[in-house]
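Take a look at the structure set out below.
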Amino acid sequence: MKLFENARIGVKVALAPLLTMLCLVIVAGLGLWATRDLSSSLRAMQSSTLPTLATTTELQRRIGAAYASTNQSLAWTGAEFPAARIDALDKALAAELGEIEALIKAQHALPIWDDAARAQLVVLEKTHAAFRQTALDALDMKSTGLNTAGSFIDIMQTAYIKLDEQISALAASQRDAANARVDASASAAAGKGMGIAVGAALALLLSAVVGWWCVRMIVAPLRAARALAAAVADGDLRTQSHTASRDETGQVLQALDQVSAQLGTLVSEVRGTAEQVEVASGEIAQGNADLSTRTEQQASSLQETAASMEQLGSTVRQTADNASKANELALNASKVAIEGGSVVGKVVETMKGINDSSRRIADIIGVIDGIAFQTNILALNAAVEAARAGEQGRGFAVVAAEVRNLAQRSAEAAKQIKGLIDTSVERVASGTALADQAGTTMQGVVSAIRRVSDLVGEISSATSEQSSGVGQVGEAISQMDKVTQQNAALVEESAAAAESLRSQSRRLVQLLDRFQTA
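With the first letter of the sequence shown counted as 1, position 76 gets the number 73 in our numbering; the numbers rise by one all the way through.
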């Protein structure tokens, strides 16, 4: 039974028709056997019973005809029919009686007669011999007279009646035997027909049961497959058929079980991934919001830095103008000192002029020192802002450090110039008292003024470099501001994309919630 349950659907479908055909073949075989048996009975009846009935009927007819011919011969003789006709009739009658006797004797050798019939034939033969002898004696006695011949008529009639009765009894026994055989054949045919009908009914019942069983084994798994598919369609991925069948429907159910299990695993993994994506997208959105805020703060700081750099540029330009003026003053002082060397007589007045110039230079140097201090402060602020800008402010930090270095160098040069100016003032005071040493002192003054001219030249060059550096820093800050604005736009787009991703992942989780997994 288990083996048949695992058989292929084609075998199950073909089983009921094959079984029905087998039952039909069996029923047909039984019918053929019954038909052959009935045919055999009919052939036996045809070969034995019917010939005996025909023989008895023929004997009865011919004996009756012989008896009638004997009476006719006597009647013709009394009526004085032509002798030739009467002789012909007598000869024919004698020949007929001889043939009848020969026919009766011939029956003993035929196998169609049973023992009882053979005993009757023996009695019939003796009775026919008496009848034949009586009839021949009557024909022979016609020549002596009708009265003598007529005396045999009663004897012949008695023999004929007895012979006819015996033949009738023989015919009746043969008819009874034929009827008995017919009844037996009919009874056997009826029994066999009933057996065939019962067999056909049992075959139909068995075929119906087997057909129902086969249909049940095919339909039940299909219903289970339909229920499993409906459960999967409704989102229930926990249903399993747990079938043990290995036929096509069982394989389909096992495949559906695998599909349901793998789909449940996939849905669980996708749900977990969607939840993680939702959390991650929320974190990304929050991070983008924080980054947007910091980017706005950075943009504001860069704008402030740009404004500071504009002020620094203005201050550096002013410093450059003052340095140029200081350079011109130093050149004038050098010319005056050279002229003072040739005009000693005007030393005192020249020294006063030099004293005044030195004071003005001291004031200018103070201004330069203040500008250098402010430049240093602005460079320091720029370095702090560059440090806040992070990686993007690294180049700006380098420029700010260079500006601070130049400012420190300017301050150092200003201090040195201030020291030299102080020395020059002291020497002018000493020159007023020591006019005799004017020549020597003038040479020192000329040398000091040359040094002042060189320092002022360096201050002017440094100021030009500061102006160029400040311009580069401004451009860098402008570029940083553009990049920051672009970053702000990208951060907003990223925030919108993260929020959209968060909404889509939440929608995906909601769609996956309709599936029920283990």
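Virtual Cβ for every residue (Gly too), placed ideally from N, Cα, C.
Given the structure is predicted, the values throughout are model-derived calculations rather than measurements.
Alpha carbons only, please: which of the options is nearest the one belonging to residue i?
i, options, result
"W210", "F128, P14 and N402", "P14"
"A114", "Q163, F78, L29 and A132", "Q163"
"L100", "G75, G26, Q57 and T131", "Q57"
"V249", "L263, R223, S204 and A394", "R223"
"S298", "A386, R448 and G26", "A386"
"T74", "V119, A183, D137 and H125", "D137"
"S531", "M477, Q259 and K415", "An answer regarding residue 531 cannot be provided, because it is not within the stretch -2 to 515 covered by the chain."
"D478", "A92, L121, A304 and R356", "A304"
"L225", "A205, A380 and V256", "V256"
"E409", "S500, T292, G350 and T372", "T372"
"A62", "R447, S497 and A132", "A132"
"T437", "F370, G454, I335 and V400", "I335"
"A51", "S66, L167, V24 and L29", "L167"
"M153", "S170, A85, A81 and H125", "H125"
"A198", "I23, A72, A486 and E489", "I23"
"K349", "R178, T54 and S421", "S421"
"A282", "E496, G28 and E472", "E496"
"A252", "P218, G454, T67 and Q300", "P218"
"S458", "L118, T347, R448 and T316", "T316"
"K332", "Q389, A177, Q476 and Q440", "Q440"
"T32", "D84, G188 and D161", "G188"
In or out: residue i buried (at least 16 other Cβ within 10 Å) or exposed?
i, result
"N484", "buried"
"D173", "exposed"
"L417", "buried"
"D287", "exposed"
"M191", "exposed"
"V274", "buried"
"W271", "Looking at the sequence shown, residue 271 is not Trp but Ala. Buried: at least 16 other Cβ atoms inside 10 Å."
"T481", "buried"
"Q507", "exposed"
"V396", "buried"
"D231", "exposed"
"I158", "exposed"
"G26", "exposed"
"G337", "buried"
"D151", "exposed"
"E382", "buried"
"T290", "exposed"
"A411", "buried"
"Q171", "buried"
"D87", "buried"
"L263", "exposed"
"L29", "exposed"
"T54", "exposed"
"R499", "buried"
"P79", "exposed"
"N285", "buried"
"A92", "exposed"
"S66", "buried"
"S502", "buried"
"A221", "buried"
"S70", "buried"
"A76", "exposed"
Report the three-state DSSP secondary structure of residue i (helix, strand or coil).
i, result
"D111", "coil"
"D233", "strand"
"F78", "coil"
"Q43", "With a pLDDT of 49 at Q43, under the threshold of 50, the modelled position of that residue is not reliable, and the figure given next carries that caveat. Helix."
"A65", "helix"
"K479", "helix"
Suppose the cutoff is 6 Å on Cβ atoms and the five residues either side in sequence are ignored; what does the same chain contact list for residue i look like?
i, result
"Q43", "Confidence is the limiting factor: at Q43 the pLDDT is only 49, short of 50, which leaves the residue's position unreliable, though a coordinate-based value still follows. Closer than 6 Å at the Cβ level, and outside the excluded window around Q43, lies no residue."
"T17", "S204"
Spatial neighbours of residue i within its chain, please: C-beta separation below 7 Å, excluding the five flanking residues on both sides.
i, result
"C20", "A200, L203 and S204"
"E455", "A410"
"E489", "S289"
"A359", "K415 and I418"
"I193", "V24, L27, G28 and A31"
Among residues of its own chain, excluding the 5 on either side of residue i, which ones have a beta-carbon nearer than 8 Å to its beta-carbon?
i, result
"G466", "V396, E399, V400 and L403"
"T517", "Any question about residue 517 goes unanswered here, given that the chain covers just -2 to 515."
"E98", "E122, H125, A126 and R129"
"R357", "L326"
"V120", "Q163"
"K102", "E122"
"E96", "R59"
CB of residue i to nearest heavy atom of the ligand ATP: below 8 Å?
i, result
"E455", "This structure does not include the ligand ATP; it has no bound ligands of any sort."
Runs of beta strand (DSSP E) wholly within the region 154 to 210 (minimum 3 residues, chain order): none
Ranges of the alpha helix (DSSP H) found wholly within the region 332 to 405, counting only runs of at least 4: 344 to 386
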